[in-house]
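With our numbering applied, the sequence shown corresponds to residues 18 to 462, in that order. Just so it is clear, CB atoms sit at the ideal spot from N, CA and C, and this is done for glycine as well. Quick notes on the structure that follows.
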Amino acid sequence: MGQAGLIGFMQVGIVMLVIGFTVLLLMVQFELGPLGGMSTGKKWLLSLILGSGMVAFSIKLFVIAMLVNFPEHTIRAQLAAQSVRPAVLRQPAQVARHDRPPSVRKGYVWRALPDVAPSPAWNPTTPEKVALGERLFHDKALSIDRTVSCSSCHEVRRGAGMDGRRASLGVGGQLGARNAPTVWNAAFQSVLFWDGRAASLEEQAKGPPLNPKEMGMPSLEAVARRVREGEGYREMFDAAFGAAQPITIDRIVAAIAAYERTLITPDAAYDRFVRGDESALSAAQLRGMELFQSVGCIQCHSGPNFSGASVFDPPPSPQRLFPVFAAQKYADRYSLTSDVGANVPGNKQGVWRIPSLRNVALTAPYFHNGSVDSLREAVRIMATVQRGREIGNDANGNRRIVWSKQDRTIARVGSAPLSESDVDDIVEFLKSLSSESLALRNRGS
18 MGQAGLIGFM QVGIVMLVIG FTVLLLMVQF ELGPLGGMST GKKWLLSLIL GSGMVAFSIK
78 LFVIAMLVNF PEHTIRAQLA AQSVRPAVLR QPAQVARHDR PPSVRKGYVW RALPDVAPSP
138 AWNPTTPEKV ALGERLFHDK ALSIDRTVSC SSCHEVRRGA GMDGRRASLG VGGQLGARNA
198 PTVWNAAFQS VLFWDGRAAS LEEQAKGPPL NPKEMGMPSL EAVARRVREG EGYREMFDAA
258 FGAAQPITID RIVAAIAAYE RTLITPDAAY DRFVRGDESA LSAAQLRGME LFQSVGCIQC
318 HSGPNFSGAS VFDPPPSPQR LFPVFAAQKY ADRYSLTSDV GANVPGNKQG VWRIPSLRNV
378 ALTAPYFHNG SVDSLREAVR IMATVQRGRE IGNDANGNRR IVWSKQDRTI ARVGSAPLSE
438 SDVDDIVEFL KSLSSESLAL RNRGS
């Protein structure tokens, strides 16, 4: 029944209502009233009460007819009144984009990296301090034989903030024990070093000069003495900290930390996408982004810096067990458990700070020992040893049927495997975390 039919229905309804009210009035005046010995006033009162019930019933029938025949008009009006916006399909592409679809309205919130890194109140970032810190960062005089600087392992002028080696070379050609992590975006991390033993950039900067395999200085005072002897440092310290302030190790590391807080990369394709450029990510990268969430990678690699050890909503602990699930083929092939990080020696699992995944496609080799050259292989390892997911085309993977004799219930437990194409999509998404300026610089070098 359309609009014309509804009008006809209303006309018939009005006629029937008039007839019904007339019949009711006659019954009260000539039958019910005389039987009850009612006066004229009471007859009219009874007629009014019974007639009101008839009118109310007629109104209900009218509302039901409206809802049945025009649900879209009536419901949409109610939605508009409550300011509810249905999800609108914006792009009928391979991966559709929605305006807040129900499945993610209360889910994980993706965020872009800020343009400025936070600094402690006692060490504000100033141009003079940054200039001093940059010189100190690249000064090889801070090592015992004047051959190694911070930038020797963390190349920032031509590289992605690391040296590309499995383990870095220190003074005397000594090989370090761990892979050098990138210094880019380290300013957003709440703890530093692979094992998370430093609580700030300032504290971290005191470590390498004293490491006998890195810079090999005998003491922090020896580092400060080298700086005092350096030409032009006195004037730079005066500009950064005030005239005649002594050159101390605390001011040295404060300047280095101030410089490192300028080494941030908020210019990745991912950042452009989150800020509103829906064309910034490919279909494969969007699929990988969804997998990164649904597989559970965000449980550790969360926030704008893709690390639970960052200053953004940090978890109770910035460290995690690694590996979580036994995967002997990976542990043996890549010596994943030969170093247990912050854990007690002799354990089968390491305890490591959650690294940032920013620029991860530019910072191979991977893991604390630099044992994995391929980002794709690193994804396979993490999916297996951290998320317990098998890789392959078996539909069941590690899922199994469990029957409870006591409860007489049956359930399928475990996770579905990731396909090789799933791994490819996650890798593509991780590539979207690369700084475009660093990527260009890497290609140029």
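Check                                                                                                                        : Outcome
Buried versus exposed call for Asp442 [16 or more other C-beta atoms within 10 Å across all chains shown]                    : buried
Identity of the residue in Ser421, Asn228, Gly325 and Ala286 nearest Glu463 by Cα                                            : The structure shown does not extend to residue 463, since the chain is modelled only from 18 to 462, so the question has no answer here.
C-beta contact flag for Phe205 and Ser373 at 9 Å                                                                             : yes
Residue burial classification, Tyr383 (beta-carbon count within 10 angstroms, cutoff 16)                                     : buried
Separation of Ser421 from Arg429, as counted between CA atoms                                                                : 11 Å
Segment contact flag, the stretch 231 to 243 with the stretch 359 to 368, C-beta cutoff 8 Å, min 3 pairs                     : no
Per-residue DSSP class, three states only, for Ala285                                                                        : strand
Exposed unless 16 or more other CB atoms sit within 10 angstroms - verdict on Asp330                                         : exposed
Residue closest to Thr380, alpha-carbon to alpha-carbon, out of Ser160, Ala138 and Ala184                                    : Ala184
Identity of the residue in Val240, Ala297 and Cys167 nearest Ser451 by Cα                                                    : Ala297
Proximity below 9 Å, CB of Ile408 to CB of Ser388                                                                            : no
Neighbourhood of Leu218 by C-beta distance below 6 Å, restricted to the same chain and skipping five residues each side      : Ala274 and Glu277
Backbone secondary structure at Leu280 - three-state DSSP                                                                    : coil
Segment contact, 8 Å Cβ cut-off, at least three pairs: the stretch 148 to 155 with the stretch 304 to 321                    : no
Chain-order list of residues whose beta-carbon lies under 6 Å from that of Arg268 (same chain, five-residue window excluded) : Phe258
C-alpha gap between Ala129 and Asn202, whole angstroms                                                                       : 13 Å
Pro340 vs Ala348 beta-carbon contact at 9 Å                                                                                  : yes
Inter-residue spacing [alpha-carbon to alpha-carbon] between Gly224 and Cys170                                               : 14 Å
Classification of Tyr250 by the beta-carbon crowding that lies within 10 angstroms, buried from 16 upward                    : buried
Between the CA atoms of Arg404 and Cys314 - distance to the nearest angstrom                                                 : 8 Å
Runs of alpha helix (DSSP H) wholly within the stretch 277 to 360 (minimum 4 residues, chain order)                          : 286 to 291, 300 to 311 and 345 to 351
Residue from Glu248, Ile398 and Ile427 whose Cα sits closest to the Cα of Ser352                                             : Ile398
Whether Val480 touches Leu149 by CB criterion (9 Å)                                                                          : The chain is shown from 18 up to 462; residue 480 falls before or after that span and cannot be answered.
Residue from Arg245, Ala326 and Ser311 with nearest C-alpha to Arg214                                                        : Ala326
Near the ligand NAD: Ala184 beta-carbon under 8 Å from a heavy atom                                                          : By its list of ligands, the structure shown contains no ligand whatsoever, and the ligand NAD lies outside what it can speak to.
Neighbourhood of Glu145 by C-beta, 8 Å cutoff - its chain only, sequence neighbours within 5 removed                         : Met253, Ala256 and Ala257
Whether Val396 touches Leu447 by CB criterion (9 Å)                                                                          : yes
Length of the line joining the Cα atoms of Thr354 and Arg375                                                                 : 24 Å
Pairwise C-alpha distance: Thr282 and Phe290                                                                                 : 15 Å
Straight-line gap, Asn228 to Asn140 (C-alpha atoms, nearest Å)                                                               : 25 Å
Secondary structure of Arg195, DSSP reduced to three states                                                                  : coil
Same chain, Cβ closer than 6 Å to Arg163, neighbours up to 5 away in sequence not counted                                    : Lys157
C-alpha gap between Ala197 and Asp180, whole angstroms                                                                       : 7 Å
Which residues DSSP lists as bridging Arg370, in chain order                                                                 : Gln336
Length of the line joining the Cα atoms of Gly124 and Glu307                                                                 : 11 Å
Minimum C-alpha distance to Arg195 - residue among Val357, Ser391 and Val402                                                 : Val357
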